[in-house]
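S.K.: The structure under discussion is supplied below as structure tokens; questions concerning it will follow.
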Amino acid sequence: MNAQPETAYFTEDASVDTVNARISDDADARLKTVMERLVQHLHAFVKDVELTQDEWGTAIDFLTRTGQICDENRQEFILLSDVLGVSMLVDAINTRRPTGATENTVLGPFHVDGVPEYPMGTNITKVGGQETCRFYGTVSDLDGNPVEGARIDVWSDSEDGFYDVQQPDIQPRHNNRGVFTTGPDGKYWFNGIKPVSYPIPDDGPVGQMLGHLGRHPYRPAHMHFIVSADGFDPVTTHTFVEGDPYLTSDAVFGVKRSLVAKFEPVLNGETKWQSHYDFVLHQSA
Ligand code: BEZ
Ligand code: FE
């Protein structure tokens, strides 16, 4: 009988080596590394919790339903990655910046391309919203020099906690969205409404999972920003409303201390609130 390699047949103890031995040396090097490590961690997890057949069946059913609810507007797998903290971890690893540079957070599913570009001072709220708010600040580099030509792409929910794309029959297109470009002083200012906290879509398997875990689906109130300029790393981020009750329990772990902004009442002003936030860009490598 021919001698078989140690890894030819499956055993509980050598499970990782047996699976990884089947990956060809000709496979893409990065793919091979990532898949070998995935198998290693996955098998360690299954062994650690001694997964039962029933539990594995439940997991397969959950993943099946997660895929089945996806369509061109709904991406339940990204939501799953968000609530498990994976989206924020991948973001953190890929957007390491020097101290002082504005921090990144999740993009989220409600960004839209092709939004109108407006002059500074425009009100991006087309309908609704008693809690009017002026957003303003400066875009500068790490040395404090203003950045001219910075593109500021902003979007927020309505006072009912929905983005325009979630309510195409109720809100006008591009409600609470706009794009602004800084002049030589790097300053930006525009009007909108003070955002409100809202639940992530929780009528699918991810929402059910949160329910089983005793977790709520809410995100603290925030304004989304993508700030980009030639020669600098683009920043995808939010400013969060100071004092929001969900700041320390964001369903998608998007809050960073440096992104919490003051929203101050304005007496006899054009808007009821104002929020000042300065963005600091890091020069691209
Ligand atoms: C958002 O802030 O728009 C968002 C982010 C992650 C999941 C759902 C919504
Ligand atoms: Fe959001």
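Everything in the sequence shown is counted per our numbering, starting at 2 for the first residue and increasing by one. Don't be surprised by glycine CBs; every beta carbon is placed ideally from N, CA and C. Just so it is clear, the structure is predicted and the values come from calculations on it, not from any experiment.
Below 7 Å, is the gap between the Cβ of V87 and the nearest heavy atom of the ligand BEZ?
M.R.: Within the sequence shown, numbered from 1, the residue matching residue 87 stands at position 86. It does not: the Cβ of V87 is nowhere closer than 7 Å to a heavy atom of the ligand BEZ.
S.K.: What does the Cβ neighbour count give for E77, buried or exposed, with the cut at 16 atoms within 10 Å?
M.R.: Position 76 of the sequence shown, counted from the start, is the residue given in the question as residue 77. Buried, since its Cβ has 16 or more Cβ neighbours within 10 Å.
S.K.: Could you tell me which of C134, S229 and A93 sits nearest to S159, measuring between CA atoms?
M.R.: Residue 159 sits at position 158 when you count from the first residue of the sequence shown. S159 has its Cα closest to that of C134, out of C134, S229 and A93.
S.K.: Tell me whether D83, by its Cβ, gets closer than 7 Å to a heavy atom of the ligand BEZ.
M.R.: Position 82 of the sequence shown holds residue 83. Checking every heavy atom of the ligand BEZ against the Cβ of D83, one is found closer than 7 Å.
S.K.: Measure the Cβ-Cβ separation of N105 and D92 and say whether it is below 8 Å.
M.R.: As a first step, residue 105 must be located in the sequence shown, where it is residue number 104. As a first step, residue 92 must be located in the sequence shown, where it is residue number 91. Yes, the pair counts as a contact, with Cβ atoms nearer than the cut-off.
S.K.: Measuring alpha carbon to alpha carbon, tell me which residue in S229, K273, A222 and H283 is nearest V261.
M.R.: Along the sequence shown, read from residue 1 onward, the residue named residue 261 stands at position 260. Nearest of S229, K273, A222 and H283 to V261, Cα basis: A222.
S.K.: Starting from D55, trace the alpha helix (DSSP H) in both directions and tell me its first and last residue.
M.R.: Residue mapping note: residue 55 aligns to position 54 of the sequence shown, counting from 1. First-last of the alpha helix (DSSP H) with D55: Q54 to Q69.
S.K.: Beta-carbon separation of G179 and F191 under 8 Å?
M.R.: Here residue 179 is taken as the residue at index 178 of the sequence shown, counted from 1. Here residue 191 is taken as the residue at index 190 of the sequence shown, counted from 1. Taking 8 Å as the Cβ cut-off, G179 and F191 qualify as a contacting pair.
S.K.: Please report the distance separating the alpha-carbon of S229 from that of D154.
M.R.: If you number the sequence shown from 1, residue 229 lands on position 228. If you number the sequence shown from 1, residue 154 lands on position 153. Those two C-alpha atoms are separated by around 9 Å.
S.K.: Tell me which same chain residues have a C-beta within less than 7 Å of the C-beta of D251, skipping the five on either side of it?
M.R.: Indexing the sequence shown from 1 puts residue 251 at position 250. For D251, where only same-chain residues beyond five positions count, the Cβ hits under 7 Å are R220 and P221.
S.K.: With hydrogens ignored, establish whether the beta-carbon of P6 is closer than 7 Å to any heavy atom of the ligand BEZ.
M.R.: Within the sequence shown, residue 6 is the residue found at index 5, counting from 1. Flag unset: Cβ of P6 not near the ligand BEZ.
S.K.: Is L248 near the ligand BEZ - that is, is its Cβ less than 7 Å away from at least one heavy atom of it?
M.R.: Here residue 248 is taken as the residue at index 247 of the sequence shown, counted from 1. No, since every heavy atom of the ligand BEZ falls outside the 7 Å radius drawn around the Cβ of L248.
S.K.: Would you say the segment 125-134 touches the segment 199-213, given that touching needs at least three Cβ pairs under 8 Å?
M.R.: The segment 125-134, when compared against the segment 199-213, does not touch it at the 8 Å Cβ threshold.
S.K.: With a threshold of 16 other CB atoms inside 10 Å of the CB of N177, please say whether the residue is buried or exposed.
M.R.: Position 176 of the sequence shown holds residue 177. N177 comes out buried.
S.K.: What are the boundary residues of the beta strand (DSSP E) that R216 is part of?
M.R.: For this step, residue 216 is matched to residue 215 along the sequence shown. Segment: none, R216 is in no beta strand (DSSP E) and carries neither H nor E.
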